[in-house]
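Each protein sequence line maps, in turn, to chains A and B. Heads up, the first sequence is in full-length UniProt numbering, so the first residue is 1 and it goes up one at a time. Heads up, the second sequence is in full-length UniProt numbering, so the first residue is 1 and it goes up one at a time. What follows is a set of notes on a single structure, which appears directly below.
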Amino acid sequence: MAYVVERKSLSLSERLYLPQIVAGMKVTLKHLFKPNVTLEYPDVRPAIPPGYRGVPTLVKDPNGREKCVSCQLCEFVCPPKAIRITPGEVPADQPQRAHVEKGPQAFDIDMLRCIYCGLCQEVCPEEAIFLQNTFSMAGYTRAEMVNDKAKLYELGGTLPDQHFKWDKKKAAEEHGNAHH
Amino acid sequence: MSAIVELWNSLHPVLQAVIKGLAVIGVIFPLGGASSLAERKVSAWMQGRPGPNRALPFWVAWVPGISLLQRLGVFHLMADGGKMFFKEDPLPGHVNKFYFLLAPVVAMIPALTTVTAVPLGAYVDEAGRVVPLILANVDIGLLAVFAVSSLGVYSLILAGWASNSKYPFLGGVRASAQLISYELSMTLSVIPVFLWINVPGGEGTLSLAKAVEFQSQPGFLGGMWFIFIMPVAAIVFLVSLFAETNRLPFDMAEGEADLVGGFHTEYGSLKWGLFFVAEYAHMMIGSAVFILLFLGGWNPLPWIPLSLVVEWLGAVSPVLTHPIIVGLLSLGIFVGKVLGMIFVFMWVRWTVPRFRYDQVMKMGWQKLLPLAIGNLLFYAAAIAIRDLQLGVAYWAALAVVTVAATWAIFANPLQKPAL
Ligand code: SF4
Ligand code: SF4
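Here it is, written out as structure tokens:
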């Protein structure tokens, strides 16, 4: 339906224009003395809210054990195929990891391909891969932009475990209930 | 101190003039650069940013407290200047080389020449007379300033035309049209001031120093600054000044939004820098003239002229009334006022958005010019009634006419606002 927008005629002060400018200048003067709203970025870092999807990293459990079991689900789900995993056996001289059969021999995430979608974190059955709060990555070469396993653990660190899945499983086994 | 004065007096007058001139240029040029930095800082603060605050030459980094200067961005001034001087100076192949190179020089000349007729301060000599500090104390003062400063538009036209490219050309054309439009209102707005100053029987003058002298007289009306006596003239002058100096909201000649960079699109490095400094020098001269005419020049406050301050200083200690000290004091007051005006320029720039070009033209020709003419008529009549002592009846008639005219302009519903 067509309708007519009523155009109010300007008031005297609006027609004079100068009072309006003075009002504007009052606003800008107030802003002159207000504290800055910007961060001085490299010196001051923004607070990262929880749930932020930064650079994907690998994490260890509170016992310092590698969580990833090299199931390669993340490699499979990753839309731009940024993840490359070479599965390997868990060495026999690491009894604290005896609860799992495999671990990654090499784990590369190509950050030039990663789109920060978070699917790897979503899909991981071991909660071993997390997108954490690192948001700026820079490098001089393409090779530098590929995070290898050591770098991924360095970035990831240790996260508190919500489930202690393997401890529970071990306890269940000790009770004679393998399927817990 | 007297030895310095003697040495100075023993110099050849031409040499004295050259030194004075160089000193003034030596102040205006860096002030122009500093204004560009101040502009960056003021804009940043108004937008809630810290602004430039990084540059710090490593060889002064150890000085305690230097970080305050760093935060204020003082060293960006040097960085900017150094960049301007040392970066590659491109000369596009399609330009008219002679005029292209000439334009920035032409921009600087009026900006630096007008200073000669602008008094920058005053001192009180032994006889108790207030002597202005001025390079050329000529009677045509204001006329000289107007005549020379309007030459500045040639640099814009030259730059726009010689660039042989569309946007600069449009910028140059706009600049010239705009300057011509506002020149009129500007000149008309100052005529009442000089009508007021040139009392019948006295010596006729257009000197800016005289205008200040007039605002430093004793008495209520004598010590009143002209901005109180003639507020409309002051407003018209100020608005025209914004237009004349191509400052926002009258930034037609540059108009980044629609003309890339306007007349200086094709310029780079030092040539561009000259335009930049010329713009600020222009602003400074313009605000200096505004202050001299309407804001009491080097008098610190309305009704408190410099001579009164000198009297007070003399009561404290006679040393303080030495001409050099008084001169520096008046210079300080005046430069402080000019810097305040520059701040107002920036303040307005970051408050008011740019007008459209047709609005600029409409405002110049249909609003400011009639206003300036009406203002002139009003003061001409008022001064005539005052000087001829025609009596109350004429005052009443003037008041009635003024009220009627004002009502006709503002209450007329047919006169739809154009802006
Ligand atoms: S965040 Fe997405 S793109 Fe990046 S590695 Fe994980 S699955 Fe791949
Ligand atoms: S990170 Fe998770 S999903 Fe990827 S291989 Fe390791 S355990 Fe599997």
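Glycine residues also receive a C-beta, built at the ideal position from the N, C-alpha and C atoms. Please read these numbers as outputs of a predicted model, since none were measured by experiment.
Quick one: using the 10 Å Cβ neighbour count with 16 as the cut-off for buried, is B/I4 buried or exposed?
Stepping through the second sequence from its first residue, residue 4 of chain B is reached at position 4. With fewer than 16 other Cβ atoms within 10 Å, it is exposed.
Looking at B/W350: is its Cβ nearer than 8 Å to the Cβ of B/V42?
As a working note, residue 350 of chain B is residue 350 in the second sequence. As a working note, residue 42 of chain B is residue 42 in the second sequence. Contact: yes.
In this structure, does DSSP put B/G336 in helix, strand or coil?
Within the second sequence, residue 336 of chain B is the residue found at index 336, counting from 1. Reduced to three states, the DSSP call for B/G336 is helix.
Compare the C-beta of B/M230 with all C-beta atoms of chain A and state if any pair is closer than 8 Å.
Within the second sequence, the letter at position 230 stands for residue 230 of chain B. Judged by the 8 Å Cβ criterion, B/M230 is not in contact with chain A.
If you count every other CB in all the chains shown that lies within 10 Å of the CB of B/G336, and 16 or more means buried, which is it?
As a position in the second sequence, residue 336 of chain B is number 336, starting the count at 1. Flag for B/G336 reads exposed.
At which residues does the alpha helix (DSSP H) containing B/A122 begin and terminate?
To locate residue 122 of chain B, count along the second sequence from 1; it is residue 122. Not the alpha helix (DSSP H): B/A122 falls in the beta strand (DSSP E), residues G121 to V124.
Where A/D108 sits in the DSSP three-state scheme:
If you number the first sequence from 1, residue 108 of chain A lands on position 108. Reduced to three states, the DSSP call for A/D108 is strand.
Does the distance from the CB of B/A175 to the CB of B/F98 come in under 8 Å?
The count along the second sequence starts at 1 and reaches residue 175 of chain B at position 175. The count along the second sequence starts at 1 and reaches residue 98 of chain B at position 98. Not in contact: B/A175 and B/F98 (Cβ atoms no closer than 8 Å).
In the structure shown, what three-state DSSP assignment does A/R65 receive?
Residue numbering aside, residue 65 of chain A sits at position 65 when the first sequence is read from its first letter. Note: A/R65 maps to coil in three-state DSSP.
So A/I83 is in the beta strand (DSSP E); what residue range does that whole segment cover?
Counting from 1 along the first sequence, the entry for residue 83 of chain A is found at position 83. Its beta strand (DSSP E) spans residues I83 to E89.
A/C68 and A/E126 closer than 8 Å at C-beta
As a first step, residue 68 of chain A is located in the first sequence; it is residue number 68 there, counting from the start. As a first step, residue 126 of chain A is located in the first sequence; it is residue number 126 there, counting from the start. Yes, they are a contact pair.
Identify the continuous alpha helix (DSSP H) that holds A/V4 and give its terminal residues.
Translated into positions along the first sequence, residue 4 of chain A becomes position 4. No alpha helix (DSSP H) holds A/V4; DSSP gives it neither H nor E.
Coarse secondary structure for B/L301, derived from DSSP in three states
As a first step, residue 301 of chain B must be located in the second sequence, where it is residue number 301. Of the three classes helix, strand and coil, the one that applies to B/L301 here is strand, per DSSP.
Starting from A/V27 and walking both ways along the alpha helix (DSSP H), at which residues does that stretch end?
Counted from its first residue, the first sequence places residue 27 of chain A at position 27. Element bounds for A/V27: L18 to F33.
Show which residues of chain B have a CB atom less than 8 Å away from the CB atom of A/K34.
Here residue 34 of chain A refers to the residue found at position 34 when the first sequence is read from its first residue. What A/K34 touches in chain B: G48.
Assign B/F146 to one of three DSSP states: helix, strand, or coil.
Residue mapping note: residue 146 of chain B aligns to position 146 of the second sequence, counting from 1. Reduced to three states, the DSSP call for B/F146 is helix.
Tell whether a beta-carbon distance below 8 Å holds between B/L68 and B/L143.
Locating residue 68 of chain B in the second sequence gives position 68, where the first residue counts as 1. Locating residue 143 of chain B in the second sequence gives position 143, where the first residue counts as 1. Not a contact, by the Cβ cut-off of 8 Å.
Would you mind working out which of A/G118, A/C124, A/I109 and A/L159 sits nearest A/M137, comparing C-alpha positions?
On the first sequence, position 137 is the one that residue 137 of chain A refers to. It is A/I109 whose Cα lies nearest to the Cα of A/M137.
Residue nearest to A/L73 in terms of C-alpha spacing, selected from A/M111, A/I83, A/R65 and A/L16:
Counting from one through the first sequence, the residue named residue 73 of chain A turns up at place 73. The residue with the shortest Cα to Cα distance from A/L73 is A/I83.
Using beta carbons (cut-off 8 Å, strictly below), is B/T351 in contact with chain A?
Within the second sequence, numbered from 1, the residue matching residue 351 of chain B stands at position 351. Yes - at least one Cβ of chain A is within 8 Å of the one on B/T351.
Cβ neighbours of B/L214 in the same chain (closer than 6 Å, five flanking residues each side left out):
Taking the first residue of the second sequence as position 1, residue 214 of chain B is located at position 214. Per the sequence presented here, residue 214 of chain B reads as Phe, with Leu not at that position. Cβ neighbours of B/F214 beyond the five flanking positions: I197.
What residue range does the alpha helix (DSSP H) around A/F130 cover?
Mapped onto the first sequence, residue 130 of chain A falls at position 130. Taken as a continuous stretch (DSSP letters only), A/F130 belongs to no alpha helix (DSSP H), being part of the beta strand (DSSP E) at I129 to L131.
Are B/A152 and B/H282 touching if we call contact CB-CB under 8 Å?
Taking the first residue of the second sequence as 1, we reach residue 152 of chain B at position 152. Taking the first residue of the second sequence as 1, we reach residue 282 of chain B at position 282. With the sequence shown as reference, residue 152 of chain B is identified as Gly, and Ala is not the correct amino acid for it. In contact: B/G152 and B/H282 (Cβ atoms closer than 8 Å).
Rounded to a whole number of angstroms, what is the C-alpha to C-alpha distance between B/S36 and B/K210?
Walking along the second sequence from the start, residue 36 of chain B turns up at place 36. Walking along the second sequence from the start, residue 210 of chain B turns up at place 210. Near 32 Å, if we compare the C-alpha coordinates of B/K210 and B/S36.
If I'm right that B/F290 touches B/L241 with Cβ under 8 Å, what's the distance once you round it to whole angstroms?
Indexing the second sequence from 1 puts residue 290 of chain B at position 290. Indexing the second sequence from 1 puts residue 241 of chain B at position 241. About 6 Å; that satisfies the 8 Å criterion.
Just the C-alpha distance for B/N137 and B/V74, rounded to the nearest angstrom, thanks.
On the second sequence, position 137 is the one that residue 137 of chain B refers to. On the second sequence, position 74 is the one that residue 74 of chain B refers to. B/N137 and B/V74: Cα-Cα distance of roughly 35 Å.
Report the three-state DSSP secondary structure of B/G286 (helix, strand or coil).
If you number the second sequence from 1, residue 286 of chain B lands on position 286. The answer is helix: DSSP assigns B/G286 an H, G or I state.
Which residue wins for smallest C-alpha separation from B/L328, given the options B/W161, B/S269 and B/G121?
Counting from 1 along the second sequence, the entry for residue 328 of chain B is found at position 328. Considering only alpha carbons, the answer is B/G121.
Apply the 10 Å Cβ neighbour rule to A/C56 and answer buried if 16 or more other Cβ atoms are within range, or exposed otherwise.
Taking the first sequence and counting its residues from 1, the one referred to as residue 56 of chain A is at position 56. The residue asked about is misnamed: residue 56 of chain A is Pro in this sequence, not Cys. Classification for A/P56: buried.
Indicate the three-state DSSP secondary structure (helix, strand or coil) for A/L58 in the structure shown.
Taking the first residue of the first sequence as position 1, residue 58 of chain A is located at position 58. A/L58 falls in the strand class under three-state DSSP.
Under 8 Å between C-beta atoms, does B/V74 make it to chain A?
Here residue 74 of chain B is taken as the residue at index 74 of the second sequence, counted from 1. With 8 Å as the cut-off, B/V74 does not count as an interface residue toward chain A.
Given a cut-off of 8 Å on the beta-carbon distance, is the pair A/R45 and A/P80 in contact?
Within the first sequence, the letter at position 45 stands for residue 45 of chain A. Within the first sequence, the letter at position 80 stands for residue 80 of chain A. Against a cut-off of 8 Å, the Cβ pair of A/P80 and A/R45 comes out as no contact.
Return helix, strand or coil for A/N147, following the three-state DSSP convention.
Counting from 1 along the first sequence, the entry for residue 147 of chain A is found at position 147. In the structure shown, A/N147 sits in a strand (DSSP, three-state: E or B).
Alpha carbon of B/L293 to alpha carbon of B/W45, nearest angstrom
Taking the first residue of the second sequence as position 1, residue 293 of chain B is located at position 293. Taking the first residue of the second sequence as position 1, residue 45 of chain B is located at position 45. Looking at the two C-alpha atoms, the distance is approximately 31 Å.
Backbone secondary structure at A/H180 - three-state DSSP:
Within the first sequence, numbered from 1, the residue matching residue 180 of chain A stands at position 180. Any answer about A/H180 is weak, because its pLDDT of 49 lies below 50 and its placement is not dependable; what the coordinates show is given next. Coil.
Beta-carbon neighbours of B/W347, restricted to chain A and to distances below 9 Å:
Translated into positions along the second sequence, residue 347 of chain B becomes position 347. Simply M25, T28, L29 and L32.
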